[in-house]
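Take a look at the structure below.
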Amino acid sequence: MTVDTAPARPAAQPASPPPAVVRRGFRPGRLGVHAFLMAVSLAFLAPLLLAVYASLRPYDETSQYGYFSLPRHLSFDYYRQAFADSGMTKYFVNTMIIAVPGVLLTLFLASFVAFALARLKMRGGIVLLMLFTAGNLLPQQVIVTPLYVAFNRIPLPYWMSDSMTMYDSYWAVVVVQIGFQLGFCVFVLANFMRTLPQEILEAAVVDGAGVWTQYWRITLPLCRPALAALGTLQFTWMYNDFLWALVFVSDGDKLPITSALNNLRGQFFTDYNLLAAGSILVALPTILVFLLLQRHFIAGLTLGSTKG
Numbered sequence: 006m007t008v009d010t011a012p013a014r015p016a017a018q019p020a021s022p023p024p025a026v027v028r029r030g031f032r033p034g035r036l037g038v039h040a041f042l043m044a045v046s047l048a049f050l051a052p053l054l055l056a057v058y059a060s061l062r063p064y065d066e067t068s069q070y071g072y073f074s075l076p077r078h079l080s081f082d083y084y085r086q087a088f089a090d091s092g093m094t095k096y097f098v099n100t101m102i103i104a105v106p107g108v109l110l111t112l113f114l115a116s117f118v119a120f121a122l123a124r125l126k127m128r129g130g131i132v133l134l135m136l137f138t139a140g141n142l143l144p145q146q147v148i149v150t151p152l153y154v155a156f157n158r159i160p161l162p163y164w165m166s167d168s169m170t171m172y173d174s175y176w177a178v179v180v181v182q183i184g185f186q187l188g189f190c191v192f193v194l195a196n197f198m199r200t201l202p203q204e205i206l207e208a209a210v211v212d213g214a215g216v217w218t219q220y221w222r223i224t225l226p227l228c229r230p231a232l233a234a235l236g237t238l239q240f241t242w243m244y245n246d247f248l249w250a251l252v253f254v255s256d257g258d259k260l261p262i263t264s265a266l267n268n269l270r271g272q273f274f275t276d277y278n279l280l281a282a283g284s285i286l287v288a289l290p291t292i293l294v295f296l297l298l299q300r301h302f303i304a305g306l307t308l309g310s311t312k313g
C-alpha cells in the first residue's frame, strides 16, 4: 500500500471583489473654485469677445442701438475693408523681418549664456546671472534718447540700411528687442538647465564630447519645452511691440503691423467697428503661434512642478 506524501494543494481562494468606486460627494469649496475660475476667464475674454462682436456689425447699427444690443445684421465686410485699407500684407512682412530673427537670435544667445552659467564651472556665474536679470528692471523709456543718438552715429553699409546708419533700419529694432529680452531668457534657461542631470554631461565628457557638442547635441534637445515656451512669449512680445519701431524707424514703409491700425483711423472720424476688425486680424498670427506650440508652451510652464 502506497502512501501519497505530496503536500495537499491549498483550496482555491475566491476572487477578490473589484475595488469599490469612491464617489466624491458634493463639495461647495470645489464648486466655488470653478465658479471663480470661470468668472476670471470671462473677464479676460470679455474685451476680445466684444471686439469680435462689434467687428461683425455696421457702425450705424451700434451707434443707434449701442454695442450691447442684439444684432440686426452681421457680416465680414469690415474684415475685408480693414485688410485692404490698411495695407496689412506689407506691414505683416515687416513684422516678420523683425520678430523672426529677433526670437531666433535671442533664444540662441540666451541658451548659450545660460549653458555657460549653469553647466560650466565659472567664477562669478551667480553675479553675472543677477546682472542679466537686473537688466529687465530698467524702464525701457529711460534709454530712448541715448539709443536714438547712438543709432544715428553707428554707420552701416548701404545694403543693410538706406540711411547708411543704424537709425531707420530693421537692425535697430531687432538689436533693441534682443537686448531687452535676453536677460529674461537667460534667467529662465539657466534655472532650467540646472535641473538637468549632471551625469549626462559627465558621460558625454568621458566619450570625448567637447563644449559645443555638450551644448548643441545634448543640452539643447533637453531644453525643447523651455525653448518653446520662451519662443511663444518672445514672438508675442516682439510682434505686439509698437514703441521701438515708432522711435527708430522713420520710413512708413518699414513700420510693423501694429502701425497698420493707424491707417484705419480717420482724421475727423474713426469707425471703431472697422478698427476692431483690424485688431482681430492683427492678433490672429499670435493666436495661431500659441495654438501650434500650445503643448510645448504648457509643458514649459509646468517644468519642475512634479519634482520634489
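For the sequence shown, the positions run 6 to 313 when the working numbering is used. Cβ coordinates follow ideal geometry from the N, Cα and C atoms, glycine included.
Item	Value
Three-state class that DSSP yields for Pro160 in the structure shown	strand
Contained alpha helix (DSSP H) runs [length at least 4] in the stretch 196-254, N- to C-terminal order	203-211, 229-245, 248-253
Three-way DSSP call (helix, strand, coil) for Thr275 in this model	coil
The stretch 252-267 in contact with the stretch 97-109 per 3-pair CB rule at 8 angstroms	yes
Exposed unless 16 or more other CB atoms sit within 10 angstroms - verdict on Gln182	buried
C-beta contact flag for Leu201 and Leu227 at 8 angstroms	yes
Distance between beta carbons of Leu55 and Tyr72, contact taken as under 8 angstroms	7 angstroms
Same chain, Cβ closer than 6 angstroms to Ala265, five either side skipped, listed in chain order	Ser91, Met93, Tyr96
N-terminal and C-terminal residue of the alpha helix (DSSP H) that Ser60 is part of	33-60
Pick from Asp256, Asn245, Asn268, Arg229 that is closest to Gln299, judged by C-alpha positions	Arg229
Bridge partner(s) assigned by DSSP for Thr170	Pro160
Separation of Tyr172 from Pro160, as counted between CA atoms	9 angstroms
Leu233 burial status per 10 Å Cβ neighbour count (16 or more: buried)	For clarity, residue 233 is Ala in the given sequence; the question names Leu instead. Label assigned to Ala233: buried.
Ile303 beta carbon near the ligand SAH (any heavy atom closer than 7 angstroms)	For the ligand SAH, the structure offers nothing, since it holds no ligand at all.
Limits of the alpha helix (DSSP H) - the one that Thr94 falls within	93-123
Beta-carbon proximity list for Leu297, same chain, < 6 angstroms, skipping 5 on both sides	none
Range of the contiguous alpha helix (DSSP H) that encloses Ile131	130-139
Inter-residue spacing [alpha-carbon to alpha-carbon] between Val216 and Arg199	16 angstroms
Extent of the continuous alpha helix (DSSP H) to which Asp90 belongs	82-90
Same chain, Cβ closer than 8 angstroms to Phe117, five either side skipped, listed in chain order	Tyr220
Pairwise C-alpha distance: Arg62 and Phe189	42 angstroms
Cβ separation of Val149 and Val252, assumed to be a contact under 8 angstroms, to the nearest whole Å	6 angstroms
From Thr170, Trp164, Pro151, Tyr163, residue whose alpha carbon lies closest to that of Asn157	Thr170
Trp249 beta carbon less than 8 angstroms from that of Gln186	no
Close Cβ partners of Phe247 (< 6 angstroms) along its chain, the five nearest in sequence each way excluded	Thr263
Neighbourhood of Val27 by C-beta, 7 angstroms cutoff - its chain only, sequence neighbours within 5 removed	Confidence is the limiting factor: at Val27 the pLDDT is only 49, short of 50, which leaves the residue's position unreliable and the question unanswerable from this model.
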